[in-house]
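Under my numbering, think of the first position of the sequence shown as 2, with each following residue one higher.
Note that the Cβ used here is the ideal one computed from N, Cα and C, for glycine as well.
This report refers to the structure that appears directly beneath it.
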Amino acid sequence: MGKGDKKSRKGKITMGSYGVTRPRKKTKSAVAASTTPKAPKVKKEAAPKKAAPKKAAKKAE
């Protein structure tokens, strides 16, 4: 059990991987953000579009 072992803590530090043996530390911002309640988002209804004015037909002479 040493630096080459994937299952040991020393091996995970060498390889730079994480797992049960070497859990990641939680940052303060992530912990604070997860504990604060979020307000539900309210969707705004789209305003109905106005119809384009109709063009006058040309008179044939």
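Inset, instruction - To the nearest angstrom, report how far apart Gly17 and Lys4 are at their CA atoms. - result: 11 Å
Quiz item: Do Tyr19 and Arg10 have their CB atoms nearer than 8 Å?
Solution: no
- Item | Separation of Ala47 from Lys56, as counted between CA atoms | 27 Å
Are Lys29 and Thr22 closer than 8 Å when you measure CB to CB? For the pair Lys29 and Thr22, the CB atoms are not nearer than the 8 Å cut-off.
Handout entry: N- and C-terminal bounds of the alpha helix (DSSP H) containing Arg10
Key = Arg10 to Met16
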